[in-house]
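Using the UniProt record's numbering, read the sequence shown as starting at 1 and increasing by one per residue. Every residue, glycine too, gets a C-beta built ideally from N, C-alpha and C. Just so it is clear, the structure is predicted and the values come from calculations on it, not from any experiment. So the structure is just underneath, and the comments pick up after that.
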Amino acid sequence: MRNITDVLARYLSDINLPSVSIIDVIEIILISFFVYQFMVWIKFTRAYTLLKGLLVIGAFLIIAYIFKMNTILWIVSRLAGALITAIVVIFQPELRKVIEQLGQKKNHGINYSV
């Protein structure tokens with residue numbers, strides 16, 4: 001039994017795991033909560049269809065990056081600023097509604113209906 005413990009201790013001593021503090025755990029919980037709330041919110045809006053389209057475009061760009069399709073990546077890099085502006089304009093009604101709901105004092109929860 002002592003030999004097994006020595007072997008495990010030797011192999012486990014070579015593993016460098018990052019230290020995790022309570023702040024890291026809280027940060028992970030907060031990010032998870034906000035991503036979940038965003039997903040629930042987006043599901044009940046017209047923006048859901050647009051988001052699916054953006055995910056398809058994102059998958060296409062990932063494939064272009066993996067296969068080193070330089071022309072496509074160059075075009076996207078030149079259009080990045082305009083694309084971000086376009087996304088804000090497209091999602092403007094939904095973003096405005098969420099900001100209004102966050103600003104209401106009577107609203108203790110977010111109403112996800114459109």
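- The beta carbons of L51 and I42 sit closer together than 7 Å.
- Annotation: T45 is outside any alpha helix (DSSP H) and is labelled neither H nor E by DSSP.
- Between A64 and L54, the C-beta gap is not smaller than 7 Å, which leaves the two residues out of contact.
- Using a 10 angstroms sphere on the CB of E100, the tally of other CB atoms stays under 16, which defines it as exposed.
- For N70, the enclosing alpha helix (DSSP H) stretches over residues 70–90.
- Residue environment: E94 is assigned as buried (16 or more neighbouring CB atoms within 10 Å of its CB, all protein chains considered).
- If you compare the alpha carbons of V25, N16, V56, F38 with that of F91, the shortest gap goes to F38.
- For A9 and V35, the gap between their C-alpha atoms comes out near 39 Å.
- If one requires a minimum length of 4 residues, the alpha helix (DSSP H) runs lying completely within the stretch 18–69 are 22–43, 47–66, in chain order.
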